[in-house]
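Asker: Taking full-length UniProt numbering, the leading residue of the sequence shown gets 1, the next gets one more, and so forth.
Positions of the beta carbon are idealized from the N, C-alpha and C atoms, including for glycine.
On a predicted model such as this, the values are computed, not experimentally measured, just so you know.
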Amino acid sequence: MTNLLPEGSAQHVAHAGTSSSGIAFLIAAAVFVPFFLRFRVSPVLGFLLVGALLGPFGLGRLEDTIPFLSVFTISQTQDVHQLAELGVVFLLFSIGLELTWERLKALRRMVFGLGVSQIVFSAAVLTGLFLLIGHSLGGAVAVAMGLALSSTAMVMPVLAERKRLNSPTGRSVFAVLLAQDLAVAPILITVVVLASGGESFGISGLLTLIPAVVAMALLVVGGRLLMRPLFRSAAMAKSAELFMAACFLVVLVSGQLAVWAGLSMGLGAFIAGVLLAETEYRREIEMMVEPFKGLLLGLFFVTVGARLDFAAVMSEPVLVLGLTLGLIVLKVAVVTPLARGFGLSWRGALEAALVLAPAGEFAFVIIDEAVGRKLVPVGFGHAVIVSAIVSMFLVPLLAGVGARLNRKTTTAETATSVAPAHVSEQVDVLVVGYGRVGELVADMLRRHDISFAVIDANARVASRARKDGVEAWYGDASHVDMLHRMGVDNVRAVVVTVSNATFTDAVVTAVRQVRQDVGLIVRAKDAGHAEKLYELGVTDAVPETIEASLQLAENTLVDLGVPMGLVLASVHEKRDEFRQDLLKYAPDGRVPRILRTTKRSIKAVEG
1 MTNLLPEGSA
11 QHVAHAGTSS
21 SGIAFLIAAA
31 VFVPFFLRFR
41 VSPVLGFLLV
51 GALLGPFGLG
61 RLEDTIPFLS
71 VFTISQTQDV
81 HQLAELGVVF
91 LLFSIGLELT
101 WERLKALRRM
111 VFGLGVSQIV
121 FSAAVLTGLF
131 LLIGHSLGGA
141 VAVAMGLALS
151 STAMVMPVLA
161 ERKRLNSPTG
171 RSVFAVLLAQ
181 DLAVAPILIT
191 VVVLASGGES
201 FGISGLLTLI
211 PAVVAMALLV
221 VGGRLLMRPL
231 FRSAAMAKSA
241 ELFMAACFLV
251 VLVSGQLAVW
261 AGLSMGLGAF
271 IAGVLLAETE
281 YRREIEMMVE
291 PFKGLLLGLF
301 FVTVGARLDF
311 AAVMSEPVLV
321 LGLTLGLIVL
331 KVAVVTPLAR
341 GFGLSWRGAL
351 EAALVLAPAG
361 EFAFVIIDEA
371 VGRKLVPVGF
381 GHAVIVSAIV
391 SMFLVPLLAG
401 VGARLNRKTT
411 TAETATSVAP
421 AHVSEQVDVL
431 VVGYGRVGEL
441 VADMLRRHDI
451 SFAVIDANAR
461 VASRARKDGV
471 EAWYGDASHV
481 DMLHRMGVDN
491 VRAVVVTVSN
501 ATFTDAVVTA
511 VRQVRQDVGL
521 IVRAKDAGHA
531 EKLYELGVTD
541 AVPETIEASL
551 QLAENTLVDL
561 GVPMGLVLAS
571 VHEKRDEFRQ
581 DLLKYAPDGR
591 VPRILRTTKR
601 SIKAVEG
């Protein structure tokens with residue numbers, strides 16, 4: 001049809017379609033989803049509903065009657081399909097950043113035990129169902145394998161929204177989803193083999209796995225050698241744009257390498273994330289990627305919703321809704337006893353089964369491949385895809401039901417070894433800056449067995465701290481998001497040791513914006529700077545000039561023969577005088593614990 005248009009018009013039509021899809025997504029993100037949130041509707045479900053409303057099977061049907069609607073509707077989901085898929089890729093990259101090889105090793109029993117068992121048994125039961133209703137063996141197996149998979153892009157955000165990711169159930173669900181992502185390539189190969197009547201089976205079939213093995217080896221080896229220098233170079237440039245470009249480069253290159261090997265782009269990005277989880281740049285990367293991941297995932301949900309064909313549901317409601325209900329019931333019946341056998345309680349196993357029961361985004365790819373190779377009739381394949389989309393709409397609802405059923409998580413389940421918790425990164429003290437002062441503070445904390453983490457805006461300093469065995473991260477502590485990622489919500493104290501007064505003020509303001517109760521001990525340039533810091537709400541400010549003069553006075557008095565006890569007492573008293581003067585500038589006039597401790601030490605010396 002575009003060939004009948006004047007030159008350049010086809011490109012204009014494509015551009016207009018993309019623009020209208022973008023406008024529809026922005027309407028969803030800026031108008032409808034906040035409206036749904038007011039009524040406590042899951043944002044995932046909100047994006048899905050908006051996609052269904054503005055899609056080609058919703059208001060898009062009225063474009064011919066009301067041309068103005070074309071500006072706000074999604075007429076062709078393929079216009080933004082590739083961009084939307086990046087949302088899933090960035091989600092898996094972010095998940096990888098939260099893991100390390102040790103954590104993956106701890107989950108191996110759940111990944112290769114529960115995960116593989118879920119795929120095999122679900123596919124077997126669904127195959128039997130499709131054989132019973134008269135489909136060929138090859139078509140039944142292909143469709144069953146596609147529907148056996150769940151939606152990582154929908155399940156993970158929903159569990160995160162309900163704060164269930166770190167529960168035993170959440171970790172078990174993640175392990176199953178990881179196994180499913182690993183299984184996509186073998187399933188696609190199996191579909192090709194089934195379509196060829198088994199002619200591709202054997203050595204030639206196994207040879208198709210060689211590129212995948214080579215690609216994974218290149219990702220792991222190349223990633224370990226190249227990623228840290230890449231991000232160090234970007235960090236040393238002191239440019240947020242360059243650091244962001246490095247993030248996108250790693251995600252896209254690792255994803256494309258996986259695609260070249262016949263694997264999913266998301267799996268390549270996941271492996272890159274796992275490799276970067278071991279580096280000091282992880283927190284900064286998380287902060288850079290988060291906004292793009294959220295927007296692109298929202299776009300993905302909108303495009304999924306836009307594929308919901310209401311006419312197909314209404315024309316064959318028994319088939320579509322029957323497939324949806326049958327899929328959920330059968331997968332719940334299969335997954336619940338399996339999860340129970342791998343150590344979850346019955347309540348936890350049922351919650352895991354409910355969130356894993358709906359189909360996933362890879363079902364579209366696998367079933368489309370089966371239809372294209374004539375394993376599955378076109379009409380039935382379309383009905384299955386529509387039922388898969390309907391089931392995905394039910395993920396937030398099923399997750400809510402599962403969470404309600406599993407409110408009382410037993411202590412035995414929490415301590416289970418089959419789905420161990422992430423290695424705790426909770427610390428008592430957050431040290432900002434690892435120069436000479438920060439290094440000394442860290443050493444004293446270590447001597448007293450107080451756990452701490454360091455954050456420094458200098459990439460070389462953060463790397464040096466890591467070599468010293470310190471848990472150090474590269475990042476800007478004056479950003480509230482970074483402080484949250486560093487665990488400031490749970491630390492007992494924050495110590496700011498940097499010499500830059502402007503940066504120090506920004507860090508203090510950010511910390512007090514997050515928490516008013518945390519101990520905040522800060523290095524000040526002089527008495528004037530200390531006054532300002534007390535006005536900003538620090539617990540204690542330590543002026544460099546005052547401390548240096550007190551140390552000089554102490555050494556002088558000792559050298560002149562004054563008894564050590566009297567010298568220490570007079571130095572402490574003078575320090576308290578300075579602090580009392582400076583505390584007049586504190587907004588609430590509070591006296592820090594340090595002064596009370598100092599007075600007790602003076603009495604001990606005098607005694």
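In three-state DSSP terms, what is Val376?
Answerer: coil
Asker: Would you please state the rounded distance, in angstroms, between the beta carbons of Leu406 and Thr169? I believe it to be under 8 angstroms.
Answerer: As written in the sequence, residue 406 is Asn, which differs from the Leu given in the question. Right, the Cβ-Cβ distance comes to about 6 angstroms (below 8 angstroms), so this counts as a contact.
Asker: Since Ala306 and Pro56 are thought to touch, with beta carbons under 8 angstroms apart, how far apart are those beta carbons, to the nearest angstrom?
Answerer: 6 angstroms
Asker: According to DSSP, is Arg523 helix, strand or coil?
Answerer: strand
Asker: So is Lys293 buried or exposed if we call it buried at 16+ other beta carbons inside 10 Å?
Answerer: buried
Asker: Just list the residues that DSSP pairs Tyr474 with in beta bridges.
Answerer: By DSSP's assignment, Tyr474 forms a beta bridge with Asp456.
Asker: Taking only three categories from DSSP, how would you classify Val518?
Answerer: coil
Asker: Around the C-beta of Ser233, are 16 or more other C-beta atoms found within 10 angstroms, so that it is buried, or is it exposed?
Answerer: Here Ser233 is exposed. Its C-beta has fewer than 16 other C-beta atoms within 10 Å.
Asker: Tell me Leu430's beta-bridge partners as DSSP assigns them.
Answerer: Answer by DSSP bridge pairing, in chain order: Ala453, Val494.
Asker: Take the Cβ of Thr65 as the centre, count every other Cβ of all protein chains shown within 10 Å, and call the residue buried at 16 or more, exposed below.
Answerer: exposed
Asker: Can you give me the C-alpha to C-alpha distance between Leu48 and Thr303, rounded to a whole angstrom?
Answerer: 8 angstroms
Asker: Please report the straight-line C-alpha distance between Asn490 and His484, rounded to a whole angstrom.
Answerer: 9 angstroms
Asker: Please give me, in chain order, every unbroken run of the alpha helix (DSSP H) with length at least 4 that falls completely inside the stretch 206–247.
Answerer: Counting only unbroken stretches of 4 or more residues, the alpha helix (DSSP H) elements lying wholly within the stretch 206–247 are 210–236, in sequence order.
Asker: Taking the beta carbon of Val431 as the centre, do at least 16 other beta carbons fall within 10 Å, making it buried, or is it exposed?
Answerer: buried
Asker: Output the distance between the C-alpha atoms of Val538 and Asp481, rounded to the nearest integer angstrom.
Answerer: 20 angstroms
Asker: Using DSSP with H/G/I as helix, E/B as strand and the rest coil, what is Pro543?
Answerer: strand
Asker: Quick check on the burial criterion: 16 or more other C-beta atoms within 10 angstroms. Buried or exposed for Lys374?
Answerer: By the 16-neighbour rule on beta-carbons within 10 angstroms, Lys374 is exposed.
Asker: Label Met156 either buried or exposed according to how many other C-beta atoms from any shown protein chain fall within 10 Å of its C-beta, with 16 as the threshold for buried.
Answerer: buried
Asker: Please state if the CB of Ala506 and the CB of Ser478 are separated by a distance shorter than 8 angstroms.
Answerer: yes
Asker: On the premise that Ser94 lies in contact with Tyr266, defined as a C-beta separation below 8 angstroms, what is that separation, rounded to the nearest angstrom?
Answerer: A quick correction: the sequence has Gly, not Tyr, at residue 266. In fact, because the Cβ distance is near 11 angstroms, the residues do not count as touching under 8 angstroms.
Asker: Kindly indicate which residue of Val89, Gln580, Ala148 has the alpha-carbon position closest to the one of Leu299.
Answerer: Val89
Asker: Secondary structure at Ser254, three-state DSSP: helix, strand or coil?
Answerer: helix
Asker: Can Met110 and Phe342 be called in contact, C-beta distance under 8 angstroms?
Answerer: yes
Asker: Is Phe270 closer than 8 angstroms to Leu92 when the C-beta atoms are compared?
Answerer: yes
Asker: Would you say Ala123 and Ala148 are within 8 angstroms of each other, going by their C-beta atoms?
Answerer: yes
Asker: Report buried or exposed for Thr190, applying the criterion of at least 16 other Cβ atoms within 10 angstroms of its Cβ.
Answerer: buried
Asker: How about Ala399 and Val371: do their beta carbons lie closer than 8 angstroms?
Answerer: no
Asker: According to DSSP, is Ser345 helix, strand or coil?
Answerer: coil
Asker: Could you please give the first and the last residue of the uninterrupted alpha helix (DSSP H) stretch that includes Leu131?
Answerer: 116–132
Asker: Drop a sphere of 10 angstroms on the beta-carbon of Glu286, count the other beta-carbons inside from all chains shown, and report buried for 16 or more, exposed for fewer.
Answerer: buried
Asker: Can you tell me where the alpha helix (DSSP H) with Met314 in it begins and where it stops?
Answerer: 310–315
Asker: Does DSSP put Arg596 in a helix, a strand or coil?
Answerer: With a pLDDT of 41 at Arg596, under the threshold of 50, the modelled position of this residue cannot be trusted; read the value that follows with caution. Residue state, collapsed to three classes: helix.
Asker: How do the stretch 518–531 and the stretch 541–548 stand: do at least 3 beta-carbon pairs fall below 8 angstroms, yes or no?
Answerer: Segments in contact, yes.
Asker: Alpha carbon to alpha carbon, what distance is there between Glu369 and Val213?
Answerer: In this structure, the straight-line span from the alpha carbon of Val213 to that of Glu369 is close to 23 angstroms.
Asker: Between Gly475 and the rest of its own chain, which residues show a CB-CB distance below 6 angstroms, the 5 nearest in sequence each way excluded?
Answerer: Leaving aside the five residues that flank Gly475 on each side, the residues in its chain whose CB is nearer than 6 angstroms to its CB run, in chain order, Arg283, Glu284, Ile455, Met482.
Asker: Spell out a yes or no on whether the stretch 179–187 and the stretch 380–395 are touching, meaning 3 or more CB-CB pairs, one atom from each, closer than 8 angstroms.
Answerer: no
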